[in-house]
Amino acid sequence: MLTLSSALNAGQAATYHKLDYASSTQSYYQQGEEVRGEWRGELAASLGLSGEVSSLAFNRLAEGQHPETGEQLVRHREAQEYKNLDGSTTKAVEHRAGWDAQFAPSKSVSLTALVGGDERVREAHREAVGVALAELERFTQARIGGNNPAETTGKFVAATFEHDTARPVDGYAAPQLHTHAVIFNVTERADGSTRALQEKAFFESQNYVTAVYQAELFQRLKNLGYEMEAGKSGAPEIKGYSAEYLEASSPRSAQIREHMEKAGFTGPGAAQIAAHATREAKQELTSAQVLAAHRDLAATFGNQHETVINAARSRTRENAVTPEQSNQAREAVTYAKAHAFEREAVADERVILRDALRRGMGDVTAAEVRAEFQTRQRAGEFRSVEAPKYASAGRFTTPETIAQERANINHVLQGKNTVSSITTAAMAEEQANARGFLNDSQRRVVEDILTTRDRVHGLQGLAGTGKTTALETIREGAEKSGYRVEGFAPTSKASGQLRDAGIEANTLQSFLQRKTAMDPDARHLYLLDESSLASSKQMRQFLDKVGPNDHIVVIGDIRQHQGVEAGRPFQQMQDAGMRTSQLDQIVRQKDPELLRAVEHLARNETERGIALLREQGRVTEIPNGPERIQAIARDYASKPESTIIVSPDNKSRQLLNEAVRVELKEKGVLSGNAETFRTLTNRNDMTGAERTWAARYELGNILQYTTGSKAEGIVKDSFAIVRSIDTAANRLTVELENGKIVSYDPKRLRGVNAYRESTREFAAGDRIQFTTNAKTLDIRNRDLATVVSAAPGQMTVRMDGKGERTVTFDPAKLRQFDHGYAVTSHSSQGLTQDRVLANFDTGTARSLVNTRLAYVAVSRASQDARIYTNDADSLGKRLSVDISKTAAIEIPRAEVKSELRKAVEGFRAGKTDVSIDKLKSQGKVHQHAQPSERISAVAKEYAATRDRTVVLSEKQSDRAAITAQVRAELQQAGRLAPNKEVRTVLQEQHFRQEGRAADYKPGDVIQYGKGSPKHGLLPKTEATVEAVDSRRNLIIVRTGQDDLVTYSPSRLKTATNDSKVYRPEQQPISQGERIRITRNDKELNVRAGDFATVTRIDDRGSLKVRLDSGKEIELMPRQARHIEHGYAVESGRRISAERFIVTGDTPEARSLKSIPANARDVSIHTTAPAVQQQKAPEREKTPQQEQGQKPPQREIQRGYGIGLSL
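When we follow the numbering used here, the leftmost residue of the sequence shown carries the number 94, and every step to the right adds one.
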């Protein structure tokens, strides 16, 4: 295989060349001779290099210089140290000399070439390295600088050094054939100029080049007569060596594995670190010592190399390529196509070629596969698509994929304004208001869907926004209008949730397989939930199947996990212009601080969301993997009720489940009478193409035949166990349930599920998760349950859900279940738990640890979420990686965004003039002759809209005038009750000098924090100012105990500084009033700045209000004092509203900049022709400022709001 080092600096390269690459201690089979390197690459010839590698040329290239003249080819960066402000030292990156690309065959090949002395094998390795390096060179790129993409040059210069032993372990240097190829940091552009390399392309090509090396080596060894097989990771293995001998000959690998296990790390990066950490000091071993040790070990295991080599030499093999063999390349590319495009719409050419080489291993070469691919590309079977800006290789799709995506887009575009609305607007509004607990977002969605005239309508629903309740309301409205409502979802779990909402629902696949004809006269409303999990192929089949007059609502969340199969139709249809309603008010999180973090995660502000969780003490760093798992298990066991653990991969999930069970056993939560069952774990790693390839199966795999085979005597839904695998003939031999042995080519059977069998222990109290559907038991895939009892042949469980339900089944027949304490992020989607414990290891694969994992995992929690990680500092950045499904038809996001969205983004970026022009082009900027006309127009526009509209004005006098006129307009429109009650509300005051008695006024309410008990001012109490003596700087207050206390604010500094002062104001309040909460209230779980609507005014002085989140609360008289009218505000920060009206004589740039990114409509009313961007006009003084008080210090939190698609 090929491994690539991190960049070497010039000093390292020179040292390695002297002590490692060219050292005789690295090639004992050369009998003490210095290793003579060899120049490789097209650039080597241009630089006049050929033959052996000299130290001078090597060291000059490492310094970025011409190997012969010493001329500087690449700008040389000297390492320098800088002192930081905190006293720490930062060392700048030294000139990067190059990268060490190491090619190594499997141990069986090394033993044959070295211990066996077959020089032909060593030559086969050299030739394979040469071919692989040439393929790697094709992707060489030059750094251009700036924001420019790298330029592909296809030229590099490399020095190769062949070694034959591994680094010693306990004095034993094991035989290990390998070649170092040092690729220097220089390339040549088409104009002859030289540049430094962009190494990213090499790492992106690593898997492909590994496949090239392995395929070339496999075929060459096969031609030499060796009996070959694909070993671990597809590496060519020579048959005939025992596992024990191979293990004894690999002490270095065992040493690295042991170190990784102790440290709890995984992955290639961790392996490289472990390799450096476990290196033993250089040992002076003679060639005679090393070779004698190899011979002694070989003799211990019976000199197996002799048997292997003799057998190879005695075999005869027809080396000429026959027509049948030439067909192997065609078959390999066909396989690669099916494999690649089953799960992605677009594939990197290297992925296609890599998979073809792996499938044809031993029968095809890299040149044959590339030629076959190019032939089929010219025939139109592979279509080139535009690659991303920084891509290092070509991207391809298929005509079938393009047709599927185009059909879905056409269904959207051609279905616009083609169907009658389900109900009238009045009926839709009545239905939306039929349930008083719906929030504004839910009501809006109900009205949108019941009144849309588009055949295909989207519903983008964030996690935890009350989607099920909204859909239930939509169902009721549609059924009242004579529509039959049916729901579908890609998963049985999601379809079950639709049924919980009273919607007739099944899986999407079951609908697509229906044989009955559709009734053209029937009126249907089809709801496709979790459509983000549907593939482009499924979406096309669904849209093709439904009637032309049917209403279709596709529902999902483009930020959560996407489907396994190819395409992202839900997002693509939105990009293409599908009208999409936004369900964006999150109601799941009950903890306000947790909600803030989830809101950031929901709008893809992952780093900020994780930073908030860390600030809240919800992130724990434990670098050691096993210790972290134990900590999570202890946390779970401390409070297991309504707690779920989320981990990105199945391996860590299983470790967590085991650790939790240990903790629960110690606490006595689990019964001591446990039963052991043999369970099945689905091999989801296999694509449909892989199921046709015998080599992808494993001995002992359990197979389930969902369709069966009469020809083979296999019954539908029966099981079998894999007994033998013939990779050469591509045949499986299985044992059926009746004991019959059957052998067949897997290409001939469809509908096969593969499982791995495991032994699991279960006891009463265990949590389990089902991993299949069991219709007769009403069990859905991913359902969770608790074991009530476990006995041989019988298990009873209590299912999670609203209703109490127990199920009894035979674990020998229903075997697809596992422990359910920890689940993967994909399995958790759709769940809600009070508490979530997340295991985020930054070393896990990028495809698993990304922004979707963070959003889905944390948003499962309603009360608390805690993250355990190996690296808290890098976690936010690591989770910010976006991994999304590809699309063959890319609709650039810049084109999708409306002019309004662009304008809002411009305001937020400070590009005010450009954004004003965009709004002007849409008629959104209104200029008025007089301020009174402007204020009147603003009030009328507000009244003409529904709620969730906010006016932004920096002038307090404007806000007061607008509020008065808006209330008058709303009363006239009947949206505000005519009868009003004048309420006393408290407005917080901010004094410039906290100790001045003159700032206080009789009637002011002081809320003390710590207070001053010895002066009669108790902590957490209120007092009312009765009188003020400015001359002596004294105030007299009446406490809650009706005591009069006189004190100087400047003398009781602690009491004064830790208090808040509120001034009473009279404000009219009516039923239907829009208000804004002005003080945090933990008891009610509301925050200052929350908007609400008054639903009832109680005679006792309390107010019933409905928060914009949908929650109904009652403000008792004392709590009702901390409100204000919610029509006009100073800033849009921390406001989740749909529509913003910005007004002022000259609205300032800062007002426009405060408009949240989620705004769906913006208009501007001004009495001046321009918006001040450079110099802001003098702001009107507030009453507090006129009295010498501090201006209100509002809490500013950047980015508050929820992103909406327009």
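Every residue, glycine too, gets a C-beta built ideally from N, C-alpha and C.
*Counting Cβ pairs closer than 8 Å, one from the stretch 223-236 and one from the stretch 322-338, do we hit at least three?*
no
_3-residue-minimum beta strand (DSSP E) runs that sit fully inside the stretch 466-551, ordered along the chain_ = 476-478, 488-490
*Check whether the Cβ atoms of glycine 858 and valine 762 sit closer than 7 Å, and answer yes or no.*
yes
*Inter-residue spacing [alpha-carbon to alpha-carbon] between glutamate 411 and leucine 317*: Only weak support exists for where glutamate 411 lies, its pLDDT of 48 falling under 50; the value from the coordinates is given anyway. Computed Cα separation, rounded: 10 Å.
*Are the stretch 501-512 and the stretch 524-532 touching, with three or more C-beta to C-beta distances below 8 Å?*
no
*Which residue spans inside the stretch 743-817 form an unbroken alpha helix (DSSP H) run of at least 4?*
743-760
_Spatial distance of methionine 892 from glutamate 1074 (CA atoms)_ = 52 Å
*Residue environment, glutamate 228, which counts as buried when at least 16 other CB atoms sit within 10 Å*: buried
*So who's on the other strand from aspartate 684, going by DSSP bridges?*
Its beta-bridge partners do not exist; DSSP assigns none.
*Taking 8 Å as the threshold, find out whether the stretch 1211-1220 comes into contact with the stretch 1168-1186 through three or more Cβ pairs.*
They touch, by the three-pair rule.
*Would phenylalanine 254 be called buried (16 or more neighbouring beta carbons within 10 Å of its own) or exposed?*
buried
*Determine which residues share a DSSP beta bridge with isoleucine 237 and list them.*
Its beta-bridge partners do not exist; DSSP assigns none.
*Hey, is the stretch 659-672 in contact with the stretch 545-563, meaning 3+ C-beta pairs nearer than 8 Å?*
Output reads yes: the stretch 545-563 touches the stretch 659-672.
_Buried or exposed by the 16-neighbour rule on C-beta atoms within 10 Å, applied to glutamine 1134_ = exposed
*Give the straight-line distance between the Cα atoms of alanine 243 and arginine 282, rounded to the nearest whole angstrom.*
CA-CA distance, alanine 243 to arginine 282, rounds to 11 Å.
*Can you tell me which of the three DSSP states leucine 310 falls into?*
helix
*asked:* Measuring only the C-alpha atoms, how far is valine 222 from alanine 251?
replied: One alpha carbon belongs to valine 222, the other to alanine 251, and they sit about 12 Å apart.
*Whole-angstrom Cβ separation of arginine 841 and threonine 826, contact assumed at under 8 Å?*
Not quite, the Cβ-Cβ distance comes to about 14 Å (not below 8 Å), so this is no contact.
*Assigned secondary structure, leucine 706 (DSSP; H/G/I helix, E/B strand, else coil)*: helix
_Residue burial classification, leucine 601 (beta-carbon count within 10 angstroms, cutoff 16)_ = Burial of leucine 601 is indicated by the presence of at least 16 other C-beta atoms within 10 angstroms of its C-beta.
*Over what stretch of residues does the alpha helix (DSSP H) that includes methionine 632 continue unbroken?*
629-638
_As assigned by DSSP and simplified to three states, the class of valine 881_ = strand
*So isoleucine 1228 and leucine 1012 are in contact, right, with Cβ under 8 Å, and what is the actual spacing, rounded?*
About 19 Å separates the two Cβ atoms, so there is no contact after all.
*Could you work out which residue in Leu626, Gln1164, Val900 is closest to threonine 889 when comparing CA atoms only?*
Of all alpha-carbon atoms in Leu626, Gln1164, Val900, the one lying nearest the alpha-carbon of threonine 889 is that of Val900.
*Where arginine 213 and glutamate 131 are concerned, what is the direct C-alpha to C-alpha distance, given to the nearest angstrom?*
19 Å
*Terminal residues of the continuous alpha helix (DSSP H) containing threonine 609?*
That residue, threonine 609, is in no alpha helix (DSSP H); it is neither H nor E in DSSP.
_Whole-angstrom distance between arginine 443 and arginine 463, CA atom to CA atom_ = 10 Å
*Based on the DSSP output, what are the partners of serine 851 in its beta bridges?*
Thr772
*Identify which residue in Leu207, Glu1026, Gln291 has its Cα closest to the Cα of serine 380.*
Leu207
_Through-space distance from arginine 1226 to serine 1123, alpha-carbon basis_ = Their Cα atoms are separated by approximately 38 Å.
*Helix, strand or coil at leucine 605 [DSSP, three-state]*: helix
*Alpha carbon to alpha carbon, how far is valine 1198 from glutamate 1205? Give it in angstroms, no decimals.*
6 Å
*Please go through the same chain and pick out, in chain order, the residues whose beta-carbon is closer than 6 Å to the beta-carbon of leucine 605, but skip the five residues on each side of it.*
Gln634
*Cα-Cα, which of Ala472, Ile1248, Thr245 is closest to lysine 293?*
Thr245
_Beta-carbon proximity check, glutamate 1047 vs glutamate 1223, cutoff 7 Å_ = yes
_In chain order, what are the residue ranges of uninterrupted alpha helix (DSSP H) at least 4 long that sit wholly in the stretch 252-319?_
Within the stretch 252-319, the complete alpha helix (DSSP H) runs of at least 4 residues are 293-297, 299-316.
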